[in-house]
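Residue numbering for the sequence shown follows numbering that gives the first Met the number 0, beginning at 0 and increasing consecutively.
From the three backbone atoms N, C-alpha and C, an ideal C-beta is built for every residue, glycine too.
Given the structure is predicted, the values throughout are model-derived calculations rather than measurements.
To start, the structure itself, in structure tokens.
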Amino acid sequence: MCKLVREMVGDLLGACHVLCRRTFMPQMHPDIGLDGRPYDVWSVQEHSITYCLLVSLQPPPGHSFILEEDT
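Here's what the structure looks like:
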């Protein structure tokens, strides 16, 4: 189950990357941790299982993200 979900999420991120390649949309990439694996968390509660994956956004080619001060 764990491997299946990871593969499915990886396939989804790969498809998003291909579809947004030539657009001005930010590119999604799994955020890699210190051990070379993505930051992910599993949570099991009563009748549900939750999987969370930290996904970073990279600006499209020729653009950059700039933090603005909160007003």
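Length of the line joining the Cα atoms of residue i and residue j
{"i": "R5", "j": "T49", "result": "12 angstroms"}
{"i": "L53", "j": "F64", "result": "18 angstroms"}
{"i": "F23", "j": "H46", "result": "40 angstroms"}
Cβ neighbours of residue i in the same chain (closer than 7 angstroms, five flanking residues each side left out)
{"i": "Q104", "result": "The chain is shown only over 0 to 70; residue 104 falls outside these bounds and no answer can be derived."}
{"i": "V40", "result": "C51"}
{"i": "H16", "result": "Q26, M27"}
Close beta carbons around residue i, own chain, < 6 angstroms, minus the five adjacent residues each side
{"i": "S42", "result": "T49"}
Own chain partners of residue i with C-beta closer than 8 angstroms, once the 5 adjacent residues on each side are dropped
{"i": "L12", "result": "M27, H28, P29, V54"}
Per DSSP, cross-strand counterpart(s) of residue i
{"i": "H28", "result": "S55"}
{"i": "D39", "result": "L52"}
{"i": "S47", "result": "Q44"}
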